[in-house]
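Presented below is the structure to which this report refers.
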């Protein structure tokens, strides 16, 4: 097939005539279009967020707008976004990304988030910010996809790692960045190796009182900013300094934005706290004490883990203890172990579980129930099913599609979601305002993450928090420490975080565990816990008085 091409030169004469008569090139419609284009791209000063003009339906809170301006103007796009849970770190990251896109400073972007948040991030960027972000698939083309959202596990896998590390990213965003605090992990090494011009790390718990945590996070953002690792440890750790050191706080403030609820001026709904005390049956109490006696005779291991599990469910304790026995052939003929397992297996329905059933039956509201153990999760699901209460479960092993499905089922159909810690990260559940801490975590950071799934911006109701504890057990000691004395549930965890830092208590959970393991009697345990409580409470009171005097 032959195509004949003729060159048309008529436009030359027409264009020449229009140049000689400029009025033919002007019109009111053309002027208006030209003005609108100029107004859209105009930046009155570098401090303006020009992207807000393109997002008329987006309502930024003052602290979110200020955060974006600070990161862009003062931190050169490399920052730790560390607002307390529920203040909208995703929105802050979204507006920063949009601003860089509009200014033409960013084109290629990698966003790394937990599996349960991939679809949520995609929807928010697409709908709220009109950003064409794409979730990563197994066959994703990393080179030709400009804005991609992936899990960290997928990105660092053998299948994708090499291709990703070959890319030059303008911006890398990492949600739940506290998973990068350990510089010896593959997560840290992978993110550090990424080629990136700008970088945002998002976490509600940036400092868990260990100097190495904050050093490692900042090293990803600004390598060498805090000096070499050895120099940093020498200057701070060896001199018994901590994250509240004035000079170190000043350095950190140059790379971290941290807004607290009390500083935002937002009116928050209340947290209604209720302790639900449970009494073991006589047989349950005897089994609890039998576990303690069994391991006291075998000083090689503490009974702490198994007592905690029995406070959750017979299933959790039985499976764990059975696994411990099977790991060593010498225990096959341990008569006492077999008798203990038999006693646990013969226990009736757990007293705490029955109390949970009563609580849910006496209300028509939705409940999210947090447990520490997978075995307890399965048991509670079965028990609620027997009571004809629609229930879904949520755990870390689910793929992101199933996690989204479970959330939708909970919102639209089920009355109860039974969750492990996987639901404590990222998933938003403002449509629910009843939370049960069926098993209390000993880590205050995890506790705040749980509550933050419900008690966040957009929650229209007071959040009711039910803390279950069994009398005359480990539960009671921990409840008295965390709840009665230092009022952890009423206060956002950031305040406790600072107090522990100044007291140089590196990890409250480990501190409590060591007290239980090292104490030789219940009396000694109580004295040590009371001492720890007294120190924290005293410091808390001093801090409040100092704030009032300013």
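Numbering (full-length UniProt numbering), first residue to last: 1 to 550.
Just so it is clear, CB atoms sit at the ideal spot from N, CA and C, and this is done for glycine as well.
In the DSSP assignment, residue 319 falls within the unbroken alpha helix (DSSP H) covering 314-326. In this structure, residue 368 places its C-beta atom within 8 angstroms of the C-beta atom of residue 419. The continuous stretches of alpha helix (DSSP H) do not include residue 271, which lies in the beta strand (DSSP E) extending over residues 271-278. Contact annotation: residue 355 and residue 278 have beta-carbon atoms nearer than 8 angstroms.
Residue 313 places its beta carbon less than 8 angstroms from that of residue 376. With fewer than 16 neighbouring CB atoms inside 10 Å of its own CB, residue 137 falls in the exposed class. For residue 80, DSSP records a beta bridge to 201 and 256. If you draw a 10 Å sphere on the C-beta of residue 449, you find 16 or more other C-beta atoms in it, and that means buried. Inclusion of residue 106 and residue 198 in the CB contact set at 8 angstroms is warranted, their separation being smaller than that value. Shown here, residue 245 sits in coil according to DSSP, grouped into three states, outside any helix or strand.
Here residue 147 has 109, 131, 132, 133 and 134 as same chain residues with Cβ atoms under 7 angstroms from its own Cβ, once five neighbours each way along the sequence are excluded.
Approximately 20 angstroms separates the beta-carbon atoms of residue 283 and residue 380; this is outside 8 angstroms, ruling out the contact. DSSP places residue 394 inside the beta strand (DSSP E), whose first and last residues are 391-394. Residue 245 and residue 56 have their C-alpha atoms spaced approximately 42 angstroms apart. By the C-beta density criterion, residue 12 is exposed, having fewer than 16 other C-beta atoms within 10 angstroms. Closest by C-alpha distance to residue 266, out of 49, 5, 459 and 394, is 459. Taking a cut-off of 8 angstroms for Cβ pairs, the stretch 72-82 and the stretch 219-228 touch, as three or more such pairs fall below it. Excluding the 5 residues flanking it on each side, residue 475 has same chain C-beta neighbours closer than 6 angstroms at 311 and 469, in chain order. For residue 479, the enclosing alpha helix (DSSP H) covers residues 474-479. Residues of the same chain with a CB within less than 8 angstroms of the CB of residue 515, apart from the 5 flanking positions on each side, are 525, 528, 529 and 532 in chain order. Sequence-distant partners of residue 120 (beyond 5 residues in either direction) whose C-beta falls short of 6 angstroms from its own C-beta are missing from its chain. In the structure shown, residue 136 falls within a coil segment according to DSSP collapsed to helix, strand and coil. Within the DSSP bridge table, the entry for residue 434 names 464 as partners. Counted as a single uninterrupted DSSP element, the alpha helix (DSSP H) harbouring residue 406 occupies residues 400-412. With 16 or more other Cβ atoms inside 10 Å of its own Cβ, residue 442 counts as buried. Where residue 102 is concerned, there is no enclosing beta strand (DSSP E), although the alpha helix (DSSP H) around it starts and stops at 89-103. Taking residue 87 as the centre and dropping the five residues before and after it, the same chain places the C-beta of 259 closer than 6 angstroms to its C-beta, in chain order.
Bridge pairing for residue 416: 367 and 391 [DSSP].
Looking only at 255, 400 and 466, the smallest Cα-Cα distance to residue 73 is reached by 255. With distances taken between CA atoms, residue 111 lies nearest to 176 out of 162, 287, 176 and 66.
In the same chain as residue 403, and ignoring 5 residues on each side of it, the C-beta atoms closer than 6 angstroms to its own belong to 116, in chain order.
Pairing residue 302 with residue 65 gives a Cβ-Cβ distance that is not under 8 angstroms.
Residue 122 and residue 58 have their C-alpha atoms roughly 16 angstroms apart. Judged by DSSP in its simplified three-state form, residue 170 adopts strand. Here DSSP, grouped into helix, strand and coil, assigns residue 109 to strand. Note that the C-beta distance between residue 152 and residue 181 is not below 8 angstroms.
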